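Each remark here refers to the structure printed beneath this line.
Number of protein chains: 2
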Amino acid sequence: MELIIPLDNQGNIPMYQQIYQYMKQEIRQGNLKAGVRLPSTRVLADHLKVSRSTTQMAYEQLLSEGYIEAVPCKGYFVSAIEALVEVREQPPGQFVTQEAAGQEGFVVDFSPRGIDLDSFPFNTWRKISKNILVDDNKALFLNGDPQGEYALREAIRSYLHSARGVRCSADQIIVGAGNEYLLMLLSLVLGPNRVIAMENPTYKQAYRVFISQGCQVVPVEMDKHGMDVRRLREAGNSENGTAAPYELPDTAYIMPSHQHPMGIVMPVKRRQELLAWAYEKEERYLIEDDYDSEFRYKGKPIPALQGMDHGGRVIYIGTFSQSIAPAIRVGFIVLPVQLLARYKEKAGFYSSTVSRIDQNILYQFLTEGHYERHLNRMRSVYKGKHDCLMGELKELEAEFDIAGEHAGLHVLLTHRKGMGEQELEQKAAAAGVKVYGLSRYFIHPEHNQYPSTVVLGYANLTEKAIREGCRRLKEAWEL
Amino acid sequence: MELIIPLDNQGNIPMYQQIYQYMKQEIRQGNLKAGVRLPSTRVLADHLKVSRSTTQMAYEQLLSEGYIEAVPCKGYFVSAIEALVEVREQPPGQFVTQEAAGQEGFVVDFSPRGIDLDSFPFNTWRKISKNILVDDNKALFLNGDPQGEYALREAIRSYLHSARGVRCSADQIIVGAGNEYLLMLLSLVLGPNRVIAMENPTYKQAYRVFISQGCQVVPVEMDKHGMDVRRLREAGNSENGTAAPYELPDTAYIMPSHQHPMGIVMPVKRRQELLAWAYEKEERYLIEDDYDSEFRYKGKPIPALQGMDHGGRVIYIGTFSQSIAPAIRVGFIVLPVQLLARYKEKAGFYSSTVSRIDQNILYQFLTEGHYERHLNRMRSVYKGKHDCLMGELKELEAEFDIAGEHAGLHVLLTHRKGMGEQELEQKAAAAGVKVYGLSRYFIHPEHNQYPSTVVLGYANLTEKAIREGCRRLKEAWEL
Numbered sequence: 001m002e003l004i005i006p007l008d009n010q011g012n013i014p015m016y017q018q019i020y021q022y023m024k025q026e027i028r029q030g031n032l033k034a035g036v037r038l039p040s041t042r043v044l045a046d047h048l049k050v051s052r053s054t055t056q057m058a059y060e061q062l063l064s065e066g067y068i069e070a071v072p073c074k075g076y077f078v079s080a081i082e083a084l085v086e087v088r089e090q091p092p093g094q095f096v097t098q099e100a101a102g103q104e105g106f107v108v109d110f111s112p113r114g115i116d117l118d119s120f121p122f123n124t125w126r127k128i129s130k131n132i133l134v135d136d137n138k139a140l141f142l143n144g145d146p147q148g149e150y151a152l153r154e155a156i157r158s159y160l161h162s163a164r165g166v167r168c169s170a171d172q173i174i175v176g177a178g179n180e181y182l183l184m185l186l187s188l189v190l191g192p193n194r195v196i197a198m199e200n201p202t203y204k205q206a207y208r209v210f211i212s213q214g215c216q217v218v219p220v221e222m223d224k225h226g227m228d229v230r231r232l233r234e235a236g237n238s239e240n241g242t243a244a245p246y247e248l249p250d251t252a253y254i255m256p257s258h259q260h261p262m263g264i265v266m267p268v269k270r271r272q273e274l275l276a277w278a279y280e281k282e283e284r285y286l287i288e289d290d291y292d293s294e295f296r297y298k299g300k301p302i303p304a305l306q307g308m309d310h311g312g313r314v315i316y317i318g319t320f321s322q323s324i325a326p327a328i329r330v331g332f333i334v335l336p337v338q339l340l341a342r343y344k345e346k347a348g349f350y351s352s353t354v355s356r357i358d359q360n361i362l363y364q365f366l367t368e369g370h371y372e373r374h375l376n377r378m379r380s381v382y383k384g385k386h387d388c389l390m391g392e393l394k395e396l397e398a399e400f401d402i403a404g405e406h407a408g409l410h411v412l413l414t415h416r417k418g419m420g421e422q423e424l425e426q427k428a429a430a431a432g433v434k435v436y437g438l439s440r441y442f443i444h445p446e447h448n449q450y451p452s453t454v455v456l457g458y459a460n461l462t463e464k465a466i467r468e469g470c471r472r473l474k475e476a477w478e479l
Numbered sequence: 001m002e003l004i005i006p007l008d009n010q011g012n013i014p015m016y017q018q019i020y021q022y023m024k025q026e027i028r029q030g031n032l033k034a035g036v037r038l039p040s041t042r043v044l045a046d047h048l049k050v051s052r053s054t055t056q057m058a059y060e061q062l063l064s065e066g067y068i069e070a071v072p073c074k075g076y077f078v079s080a081i082e083a084l085v086e087v088r089e090q091p092p093g094q095f096v097t098q099e100a101a102g103q104e105g106f107v108v109d110f111s112p113r114g115i116d117l118d119s120f121p122f123n124t125w126r127k128i129s130k131n132i133l134v135d136d137n138k139a140l141f142l143n144g145d146p147q148g149e150y151a152l153r154e155a156i157r158s159y160l161h162s163a164r165g166v167r168c169s170a171d172q173i174i175v176g177a178g179n180e181y182l183l184m185l186l187s188l189v190l191g192p193n194r195v196i197a198m199e200n201p202t203y204k205q206a207y208r209v210f211i212s213q214g215c216q217v218v219p220v221e222m223d224k225h226g227m228d229v230r231r232l233r234e235a236g237n238s239e240n241g242t243a244a245p246y247e248l249p250d251t252a253y254i255m256p257s258h259q260h261p262m263g264i265v266m267p268v269k270r271r272q273e274l275l276a277w278a279y280e281k282e283e284r285y286l287i288e289d290d291y292d293s294e295f296r297y298k299g300k301p302i303p304a305l306q307g308m309d310h311g312g313r314v315i316y317i318g319t320f321s322q323s324i325a326p327a328i329r330v331g332f333i334v335l336p337v338q339l340l341a342r343y344k345e346k347a348g349f350y351s352s353t354v355s356r357i358d359q360n361i362l363y364q365f366l367t368e369g370h371y372e373r374h375l376n377r378m379r380s381v382y383k384g385k386h387d388c389l390m391g392e393l394k395e396l397e398a399e400f401d402i403a404g405e406h407a408g409l410h411v412l413l414t415h416r417k418g419m420g421e422q423e424l425e426q427k428a429a430a431a432g433v434k435v436y437g438l439s440r441y442f443i444h445p446e447h448n449q450y451p452s453t454v455v456l457g458y459a460n461l462t463e464k465a466i467r468e469g470c471r472r473l474k475e476a477w478e479l
């Protein structure tokens with residue numbers, strides 16, 4: 001075989017290294033296959049018009065890293081490097097999708113991130129898509145409004161107003177592909193050097209985005225009503241019991257409708273206290289993540305905090321990932337009017353991340369009443385699963401405290417005698433059941449003051465699976 | 001009428017301001033309609049249990065901002081504020097889409113950003129969508145791989161390898177919703193304090209993203225072969241003729257296949273010089289934007305710079321916005337292997353911004369041969385338009401230099417006698433034709449050393465429109 005290696009004798013990279021790099025890449029990419037015999041160092045040197053010591057050095061490097069092997073009296077051969085490159089086999093023409101959350105060999109996975117897809121209205125979705133993709137809808141294939149199409153924003157506004165008491169105009173809404181992207185945009189709008197207070201435990205993805213965008217995050221402990229405002233005020237001091245002194249927060253990220261993962265529904269009084277905190281100083285904002293607000297089982301629904309704000313200090317963030325499906329990749333933020341100019345200046349040039357086609361599908365889903373019907377159906381489906389789980393958990397009440405059951409799609413179990421979350425997880429796993437220790441939701445897991453708590457989600461489980469899972473848990477935990 | 005205003009007497013916001021804010025919001029949102037008579041300050045004060053001076057101050061503030069009007073002997077009335085809030089009317093149930101680029105009252109718009117949508121394979125796209133949205137494809141509605149589905153990445157890899165000579169594995173590819181989003185991710189991967197050299201003029205959206213992500217951008221002038229490597233080396237010094245001294249760039253953003261907007265195709269020698277620059281120091285990278293590379297009319301195609309790189313210093317970025325349609329919102333970056341770990345650490349938690357459904361549609365479009373057929377068809381369509389335009393521009397050659405015609409979807413006209421771009425634009429506009437002055441592509445428009453150059457795109461024009469536009473231009477420019 002003849003190797004054609006493009007060599008650059010102008011640059012500062014030594015020749016042997018260029019040869020080594022090139023061959024390594026060819027091997028890694030499978031262009032040089034395992035078992036292929038390579039030219040001798042002499043032949044290759046002649047061929048490339050370089051000295052033999054150059055090719056020898058290149059081969060030695062490849063040998064030392066395991067890319068090639070030397071067989072005495074036979075020469076150099078390409079190694080089998082399956083272990084080095086990730087080889088994934090796949091039949092041609094098939095789009096392999098990850099399996100639904102909750103596999104990995106568990107019989108029952110109480111994943112808090114699942115949703116029920118059996119109830120997804122595939123026919124409706126397909127029919128809408130089909131009607132949209134017609135020739136005279138050409139403009140749909142062009143780039144649209146960076147904030148999202150006005151009609152969709154107006155439909156979202158109308159839904160938020162009636163269902164959540166959110167007060168805004170469509171101009172305040174920004175549509176984007178998922179929570180993380182929108183929080184990234186929001187970080188740009190809020191500007192650098194923000195100090196963001198987050199409930200602890202919290203939604204870790206939001207934490208990761210803020211950190212990656214250069215914000216400082218200050219964890220603030222909760223009491224039974226949610227973020228502790230006294231601690232929020234003291235969070236800047238070093239005497240607040242945490243190891244590291246933080247700067248004073250100017251922004252608080254909260255989940256009043258159903259705190260994730262604690263399940264706390266924040267009472268009105270606490271909401272007012274947080275608003276008062278925000279009003280005290282210029283440039284203080286509350287970020288209200290209204291995740292999970294669609295599903296409630298007890299008590300009268302509390303409108304969004306945003307609707308109580310008459311000072312323009314609440315940024316509202318929501319998503320259709322939970323209420324329709326994660327793959328929809330559509331979320332939205334509602335900015336206070338005074339942040340709109342800043343958004344336009346600092347992030348308004350970012351083109352929309354949601355295709356106009358998808359925006360149109362969602363728009364029709366919302367405005368033709370499908371969304372309302374779907375939500376009503378899902379409320380009843382999830383209520384059924386919730387009641388089934390709560391019924392099964394009755395027997396555990398002697399040994400466990402159960403919390404967070406008034407809303408959302410998961411509950412928390414706390415072992416009263418203090419069996420650790422790892423032990424609870426491991427015993428469940430041994431019985432084929434996956435449960436989720438609470439520590440994973442803490443910014444600093446060592447601050448977890450609930451060491452005996454695990455989270456059980458039920459959205460993507462059938463009632464049969466819920467019963468089977470609970471039966472196994474009772475055995476595993478020796479109840 | 002009775003106004004129910006939620007007042008917070010715990011917070012630090014004065015009462016009058018709470019009343020003012022609330023009423024302003026109600027008026028802006030149209031809950032209080034123009035012409036409605038408001039309660040008197042006395043009645044409102046009684047009703048809200050506040051002092052009359054409080055309601056008077058609130059009303060004065062509203063008066064001074066034009067939200068309400070005082071009519072002597074009659075009272076206070078809500079103003080008509082169409083001018084204040086953007087009121088957009090829209091028939092219910094209809095998704096209003098922006099018109100195709102190139103309206104605004106022009107007869108012919110030589111927009112450099114258009115694409116030809118008449119040739120879009122609507123039927124194929126619809127058929128693929130329909131086949132995907134079936135019940136047993138449920139997993140498609142869940143969240144997928146943050147980098148994009150492996151099968152799609154493999155299809156992109158295969159296309160890039162054969163069409164552009166890009167050498168990579170699917171593991172190096174990250175799929176995302178559009179260029180801006182991907183450049184944002186890339187900024188996270190490259191880390192803070194990057195100093196990025198950009199060709200001047202350049203693709204301004206990339207410039208805006210880098211700035212918004214806190215990078216420093218250093219404009220580097222081009223010669224006829226593209227970015228001037230000597231100037232790149234000197235860009236850090238203050239003696240390079242620019243006003244502000246910059247830091248030494250460690251990254252260069254270049255468009256070797258068809259510089260936007262200059263249309264320069266970078267020769268191999270210059271590419272090697274840029275690679276040599278990158279190899280000289282650790283942590284130097286070239287970002288190759290391969291925009292427009294699909295369409296060439298003259299000369300043999302030059303493979304991507306990425307394929308020449310054997311040191312892992314080229315980051316390749318591409319998109320399907322131009323070759324399929326902007327609304328597809330799918331682009332991709334190819335990272336060198338040594339940046340993959342950094343991507344996973346710093347940005348790997350960002351969920352994919354492209355829905356799995358859309359990824360699957362594109363995957364089938366690529367792997368079932370539709371993309372290749374579509375590209376071949378578009379090449380011939382655009383070649384026809386290109387040749388038509390070049391034929392029409394023949395007569396202008398006496399007074400104009402024509403450049404950038406070997407590739408891409410636009411050309412540049414430079415008036416030899418030095419008529420300024422504003423005059424060229426204005427005279428064209430008076431004749432109903434939109435052309436685009438080159439200054440808009442400069443990082444600092446005052447550095448534009450081509451003051452007599454305008455850009456003409458032709459992708460979304462029919463040949464008839466091209467002929468009509470050229471006829472009008474000749475008249476307008478008195479040729």
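If you're matching them up, the sequences are chains A and B in order. Per my numbering, residue 1 is the first one in the first sequence, and the count goes up by one each step. Per my numbering, residue 1 is the first one in the second sequence, and the count goes up by one each step. By construction, the Cβ of each residue, glycine as well, lies at the ideal position given by its N, Cα and C atoms. Bear in mind the structure is a predicted one, so any value in this text is a computation, not a measurement.
Task: Spatially closest choice to Glu-478(A) from Leu-412(A), Leu-456(A), Phe-400(A) and Ala-170(A), by CA coordinates - done: Phe-400(A)
Open item on the list: Under 9 Å, Cβ to Cβ, is there at least one residue of chain B near Arg-208(A)?
Closed with: yes
Task: Inter-residue CB distance, Gln-486(B) and Glu-234(B) (contact presumed, cutoff 8 Å) - done: Missing from the structure shown is residue 486(B); chain B here goes from 1 to 479 and no further.
Task: Beta-bridge partners of His-410(A), as assigned by DSSP - done: Gly-457(A)
Open item on the list: If contact is defined by three or more beta carbon pairs under 8 Å, each pair taking one atom from either stretch, is the segment 248-261 of chain B in contact with the segment 179-195 of chain B?
Closed with: yes
Task: Buried or exposed by the 16-neighbour rule on C-beta atoms within 10 Å, applied to Cys-73(B) - done: exposed
Task: Within chain B, partners of Glu-180(A) - CB distance below 7 Å - done: Tyr-350 and Ser-351
TODO: Determine which residues of the segment 304-328 of chain B have a Cβ less than 7 Å from any Cβ of chain A, and write them out in chain order.
DONE: Met-308, His-310, Gly-311, Ala-325, Pro-326, Ala-327 and Ile-328
Task: Asn-12(B) - DSSP class collapsed to helix/strand/coil - done: coil
Task: Secondary structure of Ile-5(A), DSSP reduced to three states - done: coil
TODO: Kindly indicate if chain A contains any beta-carbon less than 9 Å away from that of Asp-109(B).
DONE: no
Open item on the list: Can you pull the chain A neighbours of Val-354(B), defined as C-beta to C-beta under 8 Å?
Closed with: Ala-177 and Arg-329
Open item on the list: In the DSSP assignment, the beta strand (DSSP E) including Asp-223(A) goes from what residue to what residue?
Closed with: 216-223
Open item on the list: Taking the straight line between their C-alpha atoms, what separation do you get for Pro-91(A) and Ala-151(B)?
Closed with: Reliability of the predicted coordinates at Pro-91(A) is poor, the pLDDT of 43 falling under 50, and no value is obtained from them.
Open item on the list: Using the three-state DSSP reduction, which class does Lys-464(A) fall into: helix, strand or coil?
Closed with: helix
Task: Runs of alpha helix (DSSP H) wholly within the segment 376-450 of chain B (minimum 4 residues, chain order) - done: 421-430
Task: Proximity test, Cβ basis, 9 Å: Met-184(A) and chain B - done: yes
Task: Residue-chain proximity (Gly-214(B), chain A), Cβ-Cβ < 9 Å - done: yes
TODO: Could you check the C-alpha separation between Leu-489(A) and Val-433(B) for me, to the nearest Å?
DONE: Residue 489(A) is absent from the model: chain A starts at 1 and stops at 479.
- [ ] Leaving out five residues on either side along the sequence, give the residues of the same chain with a beta carbon under 6 Å from the beta carbon of Tyr-203(B).
- [x] His-260
- [ ] Give the residues of chain A in contact with Tyr-22(B), contact being defined as C-beta atoms less than 7 Å apart.
- [x] His-310
Open item on the list: Need the endpoints of the beta strand (DSSP E) that Gly-198(B) sits in, please.
Closed with: The residue asked about is misnamed: residue 198(B) is Met in this sequence, not Gly. Unbroken beta strand (DSSP E) run through Met-198(B): 195-200.
Task: For Ser-380(B) and Arg-379(A), the rounded distance between their alpha carbons - done: 54 Å
Task: 6 Å Cβ shell around Leu-38(B) - same chain, five flanking residues per side excluded - done: Tyr-76
Open item on the list: Starting from Ile-173(A), trace the beta strand (DSSP E) in both directions and tell me its first and last residue.
Closed with: 173-176
Open item on the list: Please tell me whether Ser-488(B) has its Cβ less than 9 Å away from any Cβ of chain A.
Closed with: With chain B covering 1 to 479 only, the question about residue 488(B) has no answer from this structure.
Open item on the list: Please confirm whether Gln-18(A) has its beta-carbon closer than 9 Å to some beta-carbon of chain B.
Closed with: yes
Open item on the list: With distance defined between alpha-carbon atoms, name the residue in Tyr-279(A), Ala-139(A) and Tyr-291(A) nearest to Ser-355(A).
Closed with: Ala-139(A)
TODO: Could you check if Asp-358(A) is buried or exposed, using at least 16 other CB atoms within 10 Å of its CB as the buried criterion?
DONE: buried
Open item on the list: Using beta carbons (cut-off 9 Å, strictly below), is Ser-79(B) in contact with chain A?
Closed with: no
Open item on the list: If I follow the unbroken alpha helix (DSSP H) through Tyr-181(A), where does it start and stop?
Closed with: 179-190
Open item on the list: When you compare the CB positions of Ser-53(B) and Tyr-16(B), do they come within less than 9 Å of one another, or not?
Closed with: yes
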